[in-house]
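Trainee: Here the sequence shown stands for residues 11 to 214, numbered as in the numbering used here.
Cβ atoms here follow ideal geometry from the backbone N, Cα and C, with glycine treated the same way.
Structure provided below as structure tokens; questions to follow.
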Amino acid sequence: MSDELENRLRRANPVASDATVHPADGPGAAILRRTIMSTDDEMLTGLRSGAEPPLWRRPVVLGVVGAAAAAAVVITVVAVTSDDAVVPTAATTVTYDLGGSGAVMSSCVPFADLEPMAGAAALTGTVVSIDGDLVVLDVDRWYAGGDADQVVLRGTPDTVSLDGVEFVVGEDYLVTAADGVVQPCGMSGPASPELEQAYDQWYG
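Here you go:
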């Protein structure tokens, strides 16, 4: 081998020319293997015990922890959104007309002889608003013939009352209606123990 070729080979060899090369089955190689394995074991033990890993390993560990935390945040947001999601529903409404009271009241029979018409609706509710000839009640209970959340009573141009009794916001009323018209003669009016008892008998 020429001197020039030998020099080129030495420059390409990563092992220095004066370095000691141990045989693979020699005692030096065995010591080197034990040192490498011991270093890996100490590193794993340190990670399990909470010790900080070497700097060159930290980005990998932090990356894994960060990914797990991000996944936990996503799962939590989805779960909370799924559990607390509220779908708003519009209140159902039914409208009844208020008949005139003058001529009707003059033809009323005694209250004890009154009977509701077949298929009549009956409810108790609280007046929540009065707007012109419209009175809106939040229904507290349906005795018969309905399940709407609100009832709108529509008055006439000359009066918005029940047999001459004016509506008051916040007050409770018992209302019975047949064929879309509120029944007069005291069958509908402000809530009272006597009228509640009559409704229990009529619609119980």
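(1) Comparing C-alpha positions only, which one of L163, V185, G190 sits nearest to P200?
(2) One question on the structure: do L108 and V191 come within less than 9 Å of each other, judged by their Cβ atoms?
(3) Tell me whether the beta-carbon of G129 lies closer than 9 Å to the beta-carbon of D150.
(4) Exposed or buried, what is G214 when buried is set at 16 or more other beta-carbons lying within 10 Å of its beta-carbon?
(5) If the criterion is Cβ atoms closer than 9 Å, does the pair T102 and D157 meet it?
(6) Jot down the residue ranges of each uninterrupted beta strand (DSSP E) in the segment 106 to 189, minimum 3 residues, whole runs only, in chain order.
(7) Nearest CA to the CA of C195: which residue from G165, S117, E204?
(8) Give the secondary structure of G194 by DSSP, where H, G and I count as helix, E and B as strand, and everything else as coil.
(9) Excluding five sequence neighbours on each side, which residues of the same chain lie with their C-beta closer than 7 Å to the C-beta of L144?
(10) Hey, A154 and A132 are a contact pair by Cβ (cut 8 Å); roughly how many whole angstroms apart?
Mentor: According to the structure shown:
(1) Taking the first residue of the sequence shown as 1, we reach residue 200 at position 190. For P200, the nearest C-alpha among the options comes from V185.
(2) Residue 108 sits at position 98 when you count from the first residue of the sequence shown. Residue 191 sits at position 181 when you count from the first residue of the sequence shown. Against a cut-off of 9 Å, the Cβ pair of V191 and L108 comes out as a contact.
(3) Translated into positions along the sequence shown, residue 129 becomes position 119. Translated into positions along the sequence shown, residue 150 becomes position 140. In this structure, D150 does not lie closer than 9 Å to G129 by Cβ.
(4) Here residue 214 corresponds to residue number 204 of the sequence shown, with the count starting at 1. Exposed, by the Cβ-count rule.
(5) Translated into positions along the sequence shown, residue 102 becomes position 92. Translated into positions along the sequence shown, residue 157 becomes position 147. Going by C-beta atoms, T102 is nearer than 9 Å to D157.
(6) 131 to 141, 144 to 154, 160 to 164, 182 to 188
(7) The residue given as residue 195 occupies position 185 in the sequence shown. The shortest C-alpha separation from C195 is found at S117.
(8) Residue numbering aside, residue 194 sits at position 184 when the sequence shown is read from its first letter. Sequence check: residue 194 is Pro here, not Gly. Three-state DSSP puts P194 in coil, outside helix and strand.
(9) As a first step, residue 144 is located in the sequence shown; it is residue number 134 there, counting from the start. Cβ neighbours of L144 beyond the five flanking positions: V162, R164.
(10) Stepping through the sequence shown from its first residue, residue 154 is reached at position 144. Stepping through the sequence shown from its first residue, residue 132 is reached at position 122. Going by Cβ atoms, the distance from A154 to A132 rounds to 5 Å, so yes, they are a contact pair.
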